[in-house]
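Chemist: Under this note's numbering, the first residue of the sequence shown is numbered 9, with each subsequent residue one higher. Provided herewith is a single structure, encoded as structure tokens, for subsequent inquiry.
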Amino acid sequence: MTISGWLDSLCGKRIAVLGYGVSNRPLVRLLTDAGLDVCVRDTAAPEVLPPCAGVYGSDYLLDLSADVIFRTPGIRPDVPEIAAAIAKGAVLTSEMEAFFELCPCPIIGVTGSDGKTTTASLIAALLEAEGKTVWLGGNIGTPLLDKVSAIAPTDYAVVELSSFQLMTFRVSPHIAVLTNITPNHLDWHHGFEEYAAAKTNIFRFQKPGDRLVFDANSVAELPLKHVLGEHNRRHFATALNALEGIVSADTAAKVAENFPGVPHRLEFIREHNGVKYYNDSIASSPDRTIAGLEAFDQKVILIAGGKDKGIPYDAIGPAIRERVKLLILNGPTSEKIRAATGDTVPLVQCENLADAVIAANKAAIPGDIVLLSPASTSFDQFKNFEERGDAFRRIVGGF
């Protein structure tokens with residue numbers, strides 16, 4: 009279906025857009041520019057109001073009546089108001105599900121508990137190096153629905169998909185990549201089984217001829233020269249497997265030589281007074297922090313802690329005991345992380361990230377490595393992990 013035909017199919021229907029964040033703002037512009045009947049609903053009114061009707065506040069779902077409902081990923085699809093609207097005949101969808109319906113080119117979807125952003129970025133880099141036109145988006149931060157009219161059938165779309173997005177999916181990408189599944193986001197999902205089931209939707213609806221790629225069991229032979237960590241080399245091997253027959257060995261070698269890594273993922277910030285500072289703000293789970301610690305061949309000063317998302321922290325204890333010389337904690341998960349170490353590692357408790365970075369700077373001596381790898385989400389102090397990483401970069405840059 010073309011995007012014009014899709015918009016025509018929505019004529020005369022009442023459309024509710026739940027959430028007016030990054031993914032839904034281009035959607036609202038697209039719908040309102042087509043003259044459709046749109047109502048935006050959000051917990052808070054944005055600074056710049058959308059060009060259509062809106063319902064804001066704690067009762068934003070009150071009297072939800074619509075023919076088509078676009079859900080932002082952060083809203084569970086089974087809240088009573090949405091369930092009641094569906095029972096009355098409403099169709100529940102999302103910006104990304106609509107993109108899958110309308111995209112004219114092959115879609116490569118990437119999900120997993122860890123490594124999905126790096127893997128998606130590597131896939132996009134490999135395709136671009138091969139001379140392909142690539143559209144990278146989804147959970148990585150760029151909505152793609154409003155760009156459909158510019159996408160050619162010979163292009164490639166690479167989309168990072170979260171469990172929140174996948175939960176209601178009834179379609180799968182042509183090439184599906186599942187890096188791994190470990191307990192995550194259990195403060196939102198109703199248990200690990202629901203979380204895992206959402207992740208498997210990335211391949212559940214694939215058709216004959218489609219491709220499913222799991223995390224590579226062995227690392228790629230080609231080293232990533234600017235990128236730390238065995239796990240990142242494994243992501244590179246996974247990306248190569250996803251693109252078998254699409255990119256050449258020469259292209260792979262070129263990308264391995266020049267790929268700079270992804271911001272907030274073991275990102276080198278600077279060296280100051282002989283101390284190296286690394287930003288791994290993406291590490292919102294113990295598994296990610298463990299992988300980050302394993303990337304270094306010496307003990308580090310670790311800054312960790314943040315919002316609790318209901319997952320166990322037992323596994324991080326041995327890694328911290330083995331690989332951390334000083335543990336600096338802040339945020340609600342501090343006690344869980346401390347308990348996992350058994351109080352066997354020197355520890356400093358701080359009120360917030362800024363105090364933690366200053367404490368690390370004071371404690372570090374030449375030759376040390378200071379690693380921000382929180383093993384927790386950022387939502388106790390920041391809007392997202394990017395904002396947390398940017399704050400770390402800014403504080404370190406001020407030393």
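The beta carbon of each residue, even a glycine, is placed where N, CA and C say it ideally should be.
(1) Using a threshold of 7 Å, state whether the C-beta atoms of Val118 and Ala132 are closer than that.
(2) With the cut-off set at 7 Å, would you say Phe130 and Asn147 are in Cβ contact?
(3) Mapping DSSP to helix, strand and coil, what is Ile290?
(4) Once you ignore the five residues that flank Ala364 on each side, which residues in its own chain have a CB closer than 6 Å to its CB?
(5) Measure from the alpha carbon of His272 to the alpha carbon of each residue in His280, Arg296, Arg84 and Ala264, then state which is nearest.
(6) For Arg33, which of Val270, Phe78, Asp398 and Gly123 has the nearest alpha-carbon?
(7) Determine, using beta-carbon pairs with one atom in the segment 386–399 and one in the segment 301–319, whether at least three such pairs fall under 8 Å.
(8) Can you tell me which of Lys124, Thr126 and Gly145 puts its alpha carbon nearest to the alpha carbon of Cys111?
(9) So His243 and Ala299 are supposed to be a Cβ contact under 8 Å. How far apart are they, rounded?
(10) What residues match up with Lys315 in a beta bridge as DSSP calls it?
(11) State the beta-bridge partners of Trp143 as determined by DSSP.
(12) Please classify Glu173 as buried or exposed, where buried requires at least 16 other C-beta atoms within 10 Å of its C-beta.
(13) My understanding is that Val255 touches Thr125, with C-beta atoms under 8 Å, so please give their C-beta distance in whole angstroms.
(14) With DSSP run on the structure shown, which of helix, strand or coil describes Lys486?
(15) So, for Ile189: in the same chain, excluding its five sequence neighbours on each side, which residues have a beta-carbon less than 6 Å away from its beta-carbon?
(16) DSSP three-state call for Leu274: helix, strand or coil?
(17) DSSP three-state call for Leu26: helix, strand or coil?
(18) Give me, in chain order, the residues of the same chain whose beta-carbon lies closer than 6 Å to that of Cys47; leave out the 5 immediate sequence neighbours on both sides.
(19) Please check the pair Gly371 and Leu334, which I expect to be a contact at CB under 8 Å, by giving their CB distance rounded to whole angstroms.
(20) Does DSSP put Gln173 in a helix, a strand or coil?
(21) If you follow the beta strand (DSSP E) that Asp45 is in, where does it begin and where does it stop?
(22) Taking buried to mean at least 16 other C-beta atoms within 10 Å of its own C-beta, is Arg241 buried or exposed?
(23) Does the segment 208–225 touch the segment 271–287, meaning 3 or more C-beta pairs lie closer than 8 Å?
(24) What does a CB cutoff of less than 8 Å around Val30 pick up in its chain, not counting 5 residues either side in sequence?
(25) Would Ala250 and Val185 qualify as a contact pair, given that the criterion is a beta-carbon distance under 7 Å?
(26) Out of curiosity, what's the CA-to-CA distance linking Pro181 and Leu18?
(27) Beta-carbon within less than 6 Å of Ile183's beta-carbon, same chain only, minus the 5 sequence neighbours each way: which residues are those?
(28) For Pro85, I'd like the list of residues in its chain whose CB is within less than 7 Å of its CB, leaving aside the five on either flank, ordered along the chain.
(29) Once you ignore the five residues that flank Ala106 on each side, which residues in its own chain have a CB closer than 6 Å to its CB?
(30) Give me, in chain order, the residues of the same chain whose beta-carbon lies closer than 7 Å to that of Gln214; leave out the 5 immediate sequence neighbours on both sides.
(31) Closer than 6 Å to a non-hydrogen atom of the ligand PLP - does that hold for the CB of Pro340?
(32) Report yes if the C-beta distance between Val167 and Ile11 is below 7 Å; otherwise report no.
(33) I'd like to check one pair, Asp75 with Arg37: are the Cβ atoms closer than 7 Å?
(34) Just to confirm, are Ser384 and Thr341 a CB contact at a threshold of 7 Å?
(35) What span of residues does the alpha helix (DSSP H) with Ile90 cover, start to end?
(36) Could you work out which residue in Val56, Pro161, Ala399 and Ala92 is closest to Tyr286 when comparing CA atoms only?
Modeler: Quick answer:
(1) The sequence position of residue 118 within the sequence shown is 110, counting from 1. The sequence position of residue 132 within the sequence shown is 124, counting from 1. No; because the gap between Cβ atoms is not below 7 Å, this pair is not in contact.
(2) Position 122 of the sequence shown holds residue 130. Position 139 of the sequence shown holds residue 147. The identity of residue 130 in the sequence shown is Leu, whereas the question assumes Phe. Cβ distance not < 7 Å, so Leu130 and Asn147 don't count as in contact.
(3) Taking the sequence shown and counting its residues from 1, one reaches residue 290 at position 282. The three-state reading of DSSP puts Ile290 in coil, since its state is none of H, G, I, E or B.
(4) Counting from one through the sequence shown, the residue named residue 364 turns up at place 356. Closer than 6 Å at the Cβ level, and outside the excluded window around Ala364, lie Ile311, Ile336, Asn338 and Cys358.
(5) For this step, residue 272 is matched to residue 264 along the sequence shown. Comparing Cα-Cα distances from His272 to each of His280, Arg296, Arg84 and Ala264, the minimum goes to Arg296.
(6) Position 25 of the sequence shown, counted from the first residue, corresponds to residue 33. Put simply, of Val270, Phe78, Asp398 and Gly123 the residue whose alpha carbon is nearest the alpha carbon of Arg33 is Phe78.
(7) The segment 386–399 is in contact with the segment 301–319.
(8) By one-based count along the sequence shown, residue 111 stands at place 103. Ranking Lys124, Thr126 and Gly145 by Cα distance to Cys111 puts Gly145 first.
(9) By 1-based counting over the sequence shown, the position of residue 243 is 235. By 1-based counting over the sequence shown, the position of residue 299 is 291. Not quite, the Cβ-Cβ distance comes to about 10 Å (not below 8 Å), so this is no contact.
(10) Position 307 of the sequence shown, counted from the first residue, corresponds to residue 315. DSSP lists Thr385 as partners of Lys315.
(11) For this step, residue 143 is matched to residue 135 along the sequence shown. In the DSSP output, where bridge partners are listed per residue, Trp143 has Ala165.
(12) Reading the sequence shown from its first residue, position 165 is the one you call residue 173. Reading off the sequence shown, one finds Gln at residue 173, where the question assumed Glu. Flag for Gln173 reads buried.
(13) Numbered from 1 along the sequence shown, position 247 holds the residue referred to as residue 255. Numbered from 1 along the sequence shown, position 117 holds the residue referred to as residue 125. Rounded to the nearest angstrom, the Cβ distance from Val255 to Thr125 is 19 Å, too far for a contact under 8 Å.
(14) A question about residue 486 goes unanswered here, because the residues of the chain that appear run from 9 up to 407.
(15) Along the sequence shown, read from residue 1 onward, the residue named residue 189 stands at position 181. If we look at Ile189 and ignore the five residues flanking it on each side, its Cβ neighbours are Ser121, Ala204 and Lys207.
(16) By one-based count along the sequence shown, residue 274 stands at place 266. Of the three classes helix, strand and coil, the one that applies to Leu274 here is coil, per DSSP.
(17) Along the sequence shown, one-based indexing puts residue 26 at 18. Leu26 falls in the strand class under three-state DSSP.
(18) Counted from its first residue, the sequence shown places residue 47 at position 39. Excluding the 5 residues flanking it on each side, Cys47 has same chain C-beta neighbours closer than 6 Å at Ala24 and Ala61, in chain order.
(19) Here residue 371 is taken as the residue at index 363 of the sequence shown, counted from 1. Here residue 334 is taken as the residue at index 326 of the sequence shown, counted from 1. Just to set this straight, residue 371 is Ala in the shown sequence, not Gly. That belief holds up - the Cβ atoms of Ala371 and Leu334 are roughly 6 Å apart, short of 8 Å.
(20) Reading the sequence shown from its first residue, position 165 is the one you call residue 173. In the structure shown, Gln173 sits in a helix (DSSP, three-state: H, G or I).
(21) Reading the sequence shown from its first residue, position 37 is the one you call residue 45. Where Asp45 is concerned, the enclosing beta strand (DSSP E) stretches over Asp45 to Asp50.
(22) Within the sequence shown, residue 241 is the residue found at index 233, counting from 1. Here Arg241 is buried. Its C-beta has 16 or more other C-beta atoms within 10 Å.
(23) Contact check between the segment 271–287 and the segment 208–225: fewer than three CB pairs, one atom from each, fall below 8 Å, which does not count as touching.
(24) Reading the sequence shown from its first residue, position 22 is the one you call residue 30. If we look at Val30 and ignore the five residues flanking it on each side, its Cβ neighbours are Gly149 and Pro151.
(25) Here residue 250 refers to the residue found at position 242 when the sequence shown is read from its first residue. Here residue 185 refers to the residue found at position 177 when the sequence shown is read from its first residue. Contact flag set, yes.
(26) Stepping through the sequence shown from its first residue, residue 181 is reached at position 173. Stepping through the sequence shown from its first residue, residue 18 is reached at position 10. Looking at the two C-alpha atoms, the distance is approximately 24 Å.
(27) Here residue 183 refers to the residue found at position 175 of the sequence shown. Result list for Ile183: Ile116, Arg219 and Ala250, in chain order.
(28) Reading the sequence shown from its first residue, position 77 is the one you call residue 85. Hits under 7 Å: Arg79, Leu100, Met175 and Thr176.
(29) Stepping through the sequence shown from its first residue, residue 106 is reached at position 98. Within the same chain, Ala106 has close Cβ partners Leu153.
(30) For the purposes of this step, residue 214 is taken as the residue at position 206 of the sequence shown. Taken in chain order, the residues that qualify are Ser180, Ala184 and Leu220.
(31) Questions concerning the ligand PLP fall outside what the structure shown contains, since it holds no ligand whatsoever.
(32) Here residue 167 corresponds to residue number 159 of the sequence shown, with the count starting at 1. Here residue 11 corresponds to residue number 3 of the sequence shown, with the count starting at 1. Contact: no.
(33) Working through the sequence shown from its first residue, we reach residue 37 at position 29. Working through the sequence shown from its first residue, we reach residue 75 at position 67. Here Arg37 is not near Asp75, since their CB atoms are 7 Å or more apart.
(34) Translated into positions along the sequence shown, residue 384 becomes position 376. Translated into positions along the sequence shown, residue 341 becomes position 333. For the pair Ser384 and Thr341, the CB atoms are nearer than the 7 Å cut-off.
(35) Position 82 of the sequence shown, counted from the first residue, corresponds to residue 90. Pro88 to Ala95 is the extent of the alpha helix (DSSP H) around Ile90.
(36) Here residue 286 refers to the residue found at position 278 of the sequence shown. The option with the nearest alpha carbon to Tyr286 is Ala399.
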